[in-house]
Amino acid sequence: MSDSKILKKDLFGEIRLSELDNQTVIIRDSGSAAPVLRWLARILLRREANALAALEGLDGIASALTIGRDHLVRSYLDGTPMQRQKPTDPAYFRAAARLLRQMHRRGVVH
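The sequence shown begins at 29 in the numbering used here and counts up one residue at a time.
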């Protein structure tokens with residue numbers, strides 16, 4: 029792995045943007061969680077992995093690449109966060125609603 033950029037760090041661990049095998053990935057690391065909360069961080073990691081497995085193949089959803097006890101490596105989707113982009117095009121919201129319905133049909137609520 030080369031350089032990583034921490035995107036989020038809290039009591040449940042870290043989420044990093046990294047390069048792995050010439051691919052940009054997101055790494056969720058529950059091993060760096062506060063020791064007293066590590067058990068919960070691992071449950072949340074598994075929950076995310078299960079959701080990604082249920083959504084596998086949906087366009088616009090990251091794929092789980094590797095899953096371990098304390099790490100989840102998932103594909104990276106390039107884009108700008110909605111709160112920063114502030115979309116106004118109705119087509120954007122129709123596509124988002126369509127994706128949300130597809131997620132719900134697969135048993136995942138976000």
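Note that the Cβ used here is the ideal one computed from N, Cα and C, for glycine as well.
None of the values given here were measured: they were computed from a predicted structure.
Can the beta-carbon of residue i be found closer than 8 Å to that of residue j?
| i | j | result |
| --- | --- | --- |
| L100 | L128 | no |
| G96 | A69 | no |
| R59 | D31 | In the sequence as displayed, the identity of residue 59 is Gly instead of Arg. No, the pair does not count as a contact, with Cβ atoms beyond the cut-off. |
Spell out whether any CB of chain B is found under 8 Å from the CB atom of residue i.
| i | result |
| --- | --- |
| E42 | Absent from the structure is chain B; it holds one protein chain and no more. |
Nearest-angstrom Cα distance between residue i and residue j?
| i | j | result |
| --- | --- | --- |
| L39 | R133 | 32 Å |
| T94 | A62 | 23 Å |
| R102 | Q130 | 20 Å |
| A82 | G88 | 14 Å |
| L105 | K36 | 16 Å |
| R112 | S46 | 22 Å |
| R122 | T108 | 18 Å |
| L48 | G85 | 21 Å |
| Q51 | V64 | 33 Å |
| P115 | A125 | 14 Å |
Using the DSSP secondary-structure output, state which residues sit across from residue i in a beta bridge.
| i | result |
| --- | --- |
| H99 | D57 |
| Q51 | L48 |
| E42 | K37 and D57 |
| S32 | S46 |
| T108 | The partner list for T108 (beta bridge, DSSP) is empty, contrary to what the question assumes. |
| A92 | R102 |
Residue i and residue j look like a contact to me (Cβ under 8 Å); what is the Cβ gap, rounded to whole Å?
| i | j | result |
| --- | --- | --- |
| I54 | A90 | 7 Å |
| D57 | R75 | In fact, because the Cβ distance is near 15 Å, the residues do not count as touching under 8 Å. |
| V136 | A77 | That belief does not hold up - the Cβ atoms of V136 and A77 are roughly 12 Å apart, past 8 Å. |
Between which two residues does the alpha helix (DSSP H) carrying residue i extend?
| i | result |
| --- | --- |
| Y120 | P118 to R133 |
| E84 | Taken as a continuous stretch (DSSP letters only), E84 belongs to no alpha helix (DSSP H), as it is neither H nor E. |
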